[in-house]
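K.L.:
Residue numbers for the sequence shown follow our numbering, beginning at 38 and rising by one.
From the three backbone atoms N, C-alpha and C, an ideal C-beta is built for every residue, glycine too.
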Amino acid sequence: MRIAYDYGISPVIPGPRPHPGSEDTRTEPVLVIRRAPETEETPTPGRTKSAEGIQIPGTDYLLKSSDDAVLRDREVRAHEKAHLMNLGSAAASGIQLTTRRGPDGAVYAVGGGIKVDMAPVPGSPRATLDKAQAVLRAAFAPGSPSAADIRVAAEAYRMVRDAKETILGDGLLV
Numbered sequence: 038m039r040i041a042y043d044y045g046i047s048p049v050i051p052g053p054r055p056h057p058g059s060e061d062t063r064t065e066p067v068l069v070i071r072r073a074p075e076t077e078e079t080p081t082p083g084r085t086k087s088a089e090g091i092q093i094p095g096t097d098y099l100l101k102s103s104d105d106a107v108l109r110d111r112e113v114r115a116h117e118k119a120h121l122m123n124l125g126s127a128a129a130s131g132i133q134l135t136t137r138r139g140p141d142g143a144v145y146a147v148g149g150g151i152k153v154d155m156a157p158v159p160g161s162p163r164a165t166l167d168k169a170q171a172v173l174r175a176a177f178a179p180g181s182p183s184a185a186d187i188r189v190a191a192e193a194y195r196m197v198r199d200a201k202e203t204i205l206g207d208g209l210l211v
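1) Give me the residue from 119, 197, 102, 117 with the minimum Cα distance to residue 155.
2) Pairing CB atoms from the region 153–170 with CB atoms from the region 117–131, are three or more of them under 8 Å?
3) Tell me whether the region 101–111 and the region 130–141 touch, counting them as touching only if at least three CB pairs, one residue from each stretch, are closer than 8 Å.
4) Hey, out of 163, 148, 133, whose CA is closest to residue 112's CA?
5) With DSSP as the reference, label residue 129 as helix, strand or coil.
6) In three-state terms, what does DSSP make of residue 184?
7) Can you tell me whether DSSP reads residue 158 as helix, strand or coil?
8) Classify residue 202 as buried or exposed, calling it buried when 16 or more other Cβ atoms lie within 10 Å of its own Cβ.
9) If you measure between the beta carbons of residue 119 and residue 171, is that distance less than 9 Å?
10) Look at the alpha carbon of residue 133 and the alpha carbon of residue 160, and state the distance between them as a whole number of angstroms.
11) In this structure, how does DSSP classify residue 80 when only helix, strand and coil are distinguished?
12) As a quick exercise: from 115, 194, 102, pick the residue whose alpha carbon is nearest that of residue 165.
13) Name the residue from 141, 187, 188, 123 whose alpha carbon lies nearest to the alpha carbon of residue 167.
Following this line, the structure appears as structure tokens:
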């Protein structure tokens, strides 16, 4: 499996590259990660409050009004809930939110995360495979995966690959 990043620059995702002289007609699965094009603006590191609004650390997201804060809060909670609903027993924690005070003084969620159990299941490559596939699904459950989601997905994909190799090597896959 290949992972291809689509930054919206080209509508074409390149296909698999066959080996020269090979008559292999199998297709290669491709995981396409769609990302918004990078903007010219860069976040101001360390800025938390200005005349324009409240800066969310580590992002270029600026809470300019209470409506922005409410919208961001809903987005964060929905994003993390989508992960949690798909993780199942691989979730090692509940949703952990990062909060900030909005322009109106109320507290809003501006970021979040869930601890994930990425350890292989001892003595059971099939259970490890199932767990890794659940983590992979959960990483992409929200419509717009974050950089952290993509890192978790890459690790889960490696777990899937390793578990499949173990299963095939042991002759357990039918």
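P.N.:
Inspection of the coordinates gives the following:
1) Here the closest residue by C-alpha is 197.
2) At 8 Å Cβ cutoff, the stretches touch.
3) Contact between the region 101–111 and the region 130–141 is present, because at least three Cβ pairs lie under 8 Å.
4) Cα-wise, what sits closest to residue 112 is 148.
5) In the structure shown, residue 129 sits in coil (DSSP, three-state: anything other than H, G, I, E or B).
6) The DSSP-derived three-state label of residue 184 is helix.
7) In this structure, residue 158 counts as coil in the three-state DSSP scheme.
8) The C-beta of residue 202 has fewer than 16 other C-beta atoms within 10 Å across all chains shown, which makes the residue exposed.
9) No Cβ-Cβ contact shorter than 9 Å links residue 119 with residue 171.
10) The straight-line gap from Cα to Cα measures roughly 31 Å.
11) Unreliable positioning characterises residue 80 in this predicted model, as indicated by a pLDDT of 40, which lies under 50. A coordinate reading is not provided.
12) The shortest Cα separation from residue 165 among 115, 194, 102 belongs to 194.
13) Closest option to residue 167, Cα to Cα, is 123.
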